[in-house]
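Below: one structure, written as structure tokens.
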């Protein structure tokens, strides 16, 4: 069992999909419980993984490797290290909780849960795959169920949102595929194995290409490949100006899917950059990180916060807050300091839990009021005290209040960035103020003030909803008080990653 | 004896006439005849080359081509009959059910 | 002189089956015609078994003008499979449309015989005969639904353009014969090796005309304009047969003639072929976007796919040939599937071929919806389906041969194609109304054909290694 723990975690949901497809169509509860049953083992295995992960070892752990298409040196190769462990844990946790957040779906229940389980396999696969070909396949496999989940079970403008999401991401994947092929043909012998591609990173030249516009920019092969990969990943992050699919997709998607989108899919962009761009193309990373990660990340922070402030739709506000928060991840990554980069990875995890909570909370009132207009509520604290309590916890965590997890990661990012780019760090810090501004303003408009007559009898948050929120809340508090619970796992691998790039920094 | 080039040029001209007929004529039967003309130009080329090269191969091929052309003409005429039953017309310009 | 007849076994078996079906058709009552289906299928299976038995033998007959090497056997199996699927998916179609069953199956079998001949021919004249046997059969099949005016029109267009293209092809053969002194491919190749200058203008003209004739057959742009009309007007199973088998046969001939025997001239035709490939995929995809009928969309998509396949011909060499053969397999599976679902939508006189007819199909007929989604995604090139793996190796072969631009244009084109393939899925799952689709009970054979296509699409995508090896071995056997 323990030899193939990652394979089990990845393919258990796929087995679940097959089972769900075989269940009778009318037995909604049976389908729901079966889905929960099949996402539970990955979660338990994740706990086991957490306990058995060796934090001192910077290399790959729980490696599984088998030949798949031997003629082209394509392998089934999965493993975890400090870069991916937190994402694997997050995926296992959020998918399990989101099954319960999806309990209210009553149209095409079977199809919904089948696709959801397929999505789960795709996401887990992306985080554990270490063969480029396999990585790409999981990346695309994940795209499809997402498209259907938004397009069929989404809100009124679902088709538009789904297609926009799909085309953006697909455009990114085509660039990524070309980059993968470019790397494949530059390696000797040709390979898709990420570890071997990393070992050969010196082969991908940086001599400027002699045709426009690359000669002008002094860009070599490495830089071009870096940009192709970066655009593919930036669309997922989403970095400005590739972010416009995000508000649409988030707003139209059903609650649980918004949680998955914000909690896991957005992380894939940042994860991809860390996993692929950094070690495989270290020189290009050193040259380009300041502009495309540092400066762009800072702009993301401020731009996202300003957009969030202008929103009237509760869900859109949370969506733009994601754009802002992912900016911290980019800024932290660009700093190449131990604090900055581990802050970035921690921020990825924390954003997953905190934004997950926020989307779940929006879902709770949307299910009751059937609208998401921030100004249309007011005084919910008096009607729903428990709900308000949980909400305030999530808002404060998102704001970065000391003692909660968001604080730790943001401070680490800003500290790390300060050592390299004081100006960006200062601008990023101003983003914290903007964030506090729009979140407090929202709290005031939704929860405080005079109670809206219409919602006098709004029922309190129920047990199932609380069940999805409480574990996330607990993690937010634990990581706020004792961040080393996660940071210890990341440190060794991330330091090693930093050391690959730092020699190339000018 | 006339040199090879005379035959080649003649057959090229006949072939071109056939092509022109297919492109500009407005009746299926005439188009079919033009295609037959193209095939016969090809036959002439084969014969000329066979004679020039002194090999029988080319002459045998002509028999194959003639057989195939006959089979093609049969199918073509059958299709023409079937289309005439529907339309009472053999003008390609009136074939508008499927847009070109 | 002793003649080795063993290489003729599979094709002879196919002809024999066709003749038995034709004969038997005269003696049995209308409600017993189901027997003909079984005879055809058994005949095809027997031929397939013989081909399997001959695998690796590399035998030739009639002074090697027919060569049954692994390349020919690979295509033989592909054509036999295509014929079997065509017959399976047309059983219900021909009954609904009052097409004469026996003649229909016999013609499918006879065309298949022509295709096998094309793949095995090592002599241009035999190739021509195979091509004509195939084409004449398909002309008739196209117009076989005589009550429908569109079908006659489609048959007329197909016939005229096919015969026109034949004229070019044959003229090309004549000129090559004149320049090389033979129509036997082996002797042409050795003649090419000896005298480079002799008759080179005539030779070039001949090769060019041959090239044009084949471009008509594979429907490369700008020789493509007949495709949408013909596919649209023909009975749907025949459209599928044309899209898959006829195209594969033309590519088989192209590969044998150009990639192998005429490869010394490669530098002369690489550039035009490259232009043809780029033009074909781009125009095919652009025109497919604006269609309102799924059947016409599939016709344009088959043009675009011909463009992808041309990439492999440009690339050439072992990797190009392998990619070509593998992609033809994948393309066969997904195209048959897509046309199969289209057949399943037909109800009596009503064809239900518009996009709007697919609305809500995903919920009304979950299997058809799921299968169609798979085919569309595979055609668009999504992993881990056959279409992705196939395209991946196509683009890879282009890069290996140094045509990086071709790989990039191909990748962008497949991005473009997502637009129209996805529209079908949007319709099936996000709209309501539309056609009902046949339930399983009314068309079991058709469902069987679709299920085979689904299996093929998934299998070739997930576990491509065996098929890739097979493609490589088959292509290498040419040399």
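Chains as they are written, first to last, in this note's numbering: chain A, 1 to 506; chain B, 1001 to 1100; chain C, 2001 to 2479. Idealized CB from N, CA, C, for every residue including glycine.
Assigned secondary structure, residue 226 of chain A (DSSP; H/G/I helix, E/B strand, else coil): helix
- request: Drop a sphere of 10 angstroms on the beta-carbon of residue 17 of chain A, count the other beta-carbons inside from all chains shown, and report buried for 16 or more, exposed for fewer.
  value: buried
task: Answer yes or no: do residue 2468 of chain C and residue 2326 of chain C have a C-beta to C-beta separation smaller than 8 Å?
output: Yes.
Buried versus exposed call for residue 2175 of chain C [16 or more other C-beta atoms within 10 Å across all chains shown]: With at least 16 other beta carbons inside 10 angstroms of its own, residue 2175 of chain C counts as buried.
task: State the DSSP-derived secondary structure class of residue 2353 of chain C, mapped to helix, strand or coil.
output: coil
field: Contact with chain B by residue 2197 of chain C, beta-carbon distance below 8 Å
entry: Residue placement at residue 2197 of chain C is poorly supported in this model, since its pLDDT is 48, which falls under 50; the coordinates still yield a value, given next. No, residue 2197 of chain C does not count as interfacial toward chain B.
field: Presumed contact (8 Å Cβ cut-off) between residue 2112 of chain C and residue 2074 of chain C, rounded CB distance
entry: Between residue 2074 of chain C and residue 2112 of chain C the Cβ distance is about 15 Å, and since that is not below 8 Å, they are no contact.
query: For residue 77 of chain A, which three-state DSSP category applies?
result: strand
- prompt: So, residue 476 of chain A versus residue 353 of chain A, is the Cβ gap smaller than 8 Å?
  reply: yes
field: At least 3 beta-carbon pairs within less than 8 Å: the stretch 2153 to 2171 of chain C vs the stretch 1037 to 1049 of chain B
entry: yes
message: Judging by CA-CA distance, which residue of C/2268, C/2124, C/2087 and C/2116 is the nearest neighbour of residue 2314 of chain C?
response: C/2268
field: Neighbourhood of residue 2092 of chain C by C-beta, 8 Å cutoff - its chain only, sequence neighbours within 5 removed
entry: 2343, 2438, 2442, 2443, 2445 and 2446
query: Whose C-alpha, out of B/1009, B/1080, B/1024 and B/1074, is nearest the C-alpha of residue 1044 of chain B?
result: Measuring from the Cα of residue 1044 of chain B, the nearest candidate turns out to be B/1009.
message: Cβ closer than 9 Å: which chain A residues qualify as neighbours of residue 2396 of chain C?
response: Under the 9 Å cutoff, chain A gives 72, 181, 184 and 185.
- request: Compare the C-beta of residue 1100 of chain B with all C-beta atoms of chain C and state if any pair is closer than 8 Å.
  value: Confidence in residue 1100 of chain B is poor, its pLDDT being 45 and thus under 50, which makes the residue's placement unreliable; the coordinate value appears in the next sentence. Yes, residue 1100 of chain B counts as interfacial toward chain C.
query: Unbroken alpha helix (DSSP H) runs of length 4 or more, entirely within the stretch 2207 to 2283 of chain C: which are they?
result: 2226 to 2233, 2236 to 2241 and 2247 to 2254
message: Please confirm whether residue 152 of chain A has its beta-carbon closer than 8 Å to some beta-carbon of chain C.
response: Look at residue 152 of chain A: its C-beta is under 8 Å from a C-beta on chain C.
- prompt: If we call anything under 8 Å between Cβ atoms a contact, is residue 458 of chain A one with residue 368 of chain A?
  reply: yes
message: Tell me which residue opens and which closes the alpha helix (DSSP H) that residue 2081 of chain C is part of.
response: 2070 to 2097
query: How is residue 461 of chain A classed by DSSP in three states: helix, strand or coil?
result: The answer is coil: DSSP assigns residue 461 of chain A none of H, G, I, E or B.
- prompt: At what residue ranges does the stretch 2158 to 2206 of chain C contain a whole run of the alpha helix (DSSP H), taking only runs of 4 or more?
  reply: 2185 to 2194
field: Contact residues within the stretch 2461 to 2475 of chain C, judged by C-beta distance below 8 Å to chain A
entry: 2464, 2465, 2468, 2469 and 2472
field: Simplified DSSP assignment, three categories, for residue 342 of chain A
entry: helix
query: What are the start and end residues of the beta strand (DSSP E) that includes residue 180 of chain A?
result: Counting along the chain, residue 180 of chain A falls outside any beta strand (DSSP E), though it belongs to the alpha helix (DSSP H) covering 158 to 186.
message: Using DSSP's beta-bridge definition, name the partner residues of residue 2048 of chain C.
response: None; residue 2048 of chain C has no bridge partner.
C-alpha gap between residue 2348 of chain C and residue 1021 of chain B, whole angstroms: 41 Å
- request: Within 10 angstroms of the Cβ of residue 359 of chain A, are there 16 or more other Cβ atoms? Answer buried if so, exposed if not.
  value: buried
message: My assumption, with CB atoms under 8 Å, is that residue 2144 of chain C sits in contact with residue 2099 of chain C. Please give the rounded CB distance.
response: 5 Å
- prompt: Could you give the distance in angstroms between the alpha-carbon of residue 1013 of chain B and the alpha-carbon of residue 1006 of chain B?
  reply: 11 Å
- request: Taking residue 1049 of chain B as part of the alpha helix (DSSP H), name the residues at either end of that continuous run.
  value: 1028 to 1053
message: Since residue 2017 of chain C and residue 2109 of chain C should fall inside the 8 Å C-beta cutoff, what is the C-beta to C-beta distance between them, to a whole number of angstroms?
response: 6 Å
Among A/168, A/469 and A/505, nearest to residue 361 of chain A - alpha-carbon criterion: A/469
query: Any Cβ of chain C within less than 8 Å of the Cβ of residue 141 of chain A?
result: yes
Proximal chain E residues relative to residue 2140 of chain C, where beta-carbon distance stays under 9 Å: No chain E appears in the structure shown, which is made up of the protein chains A, B and C.
- request: Please say whether residue 2244 of chain C and residue 2336 of chain C have beta carbons closer to each other than 8 Å?
  value: yes
field: Stretch pair the stretch 131 to 143 of chain A + the stretch 186 to 195 of chain A: three plus CB contacts closer than 8 Å
entry: Contact between the stretch 131 to 143 of chain A and the stretch 186 to 195 of chain A is established, with three or more Cβ pairs separated by less than 8 Å.
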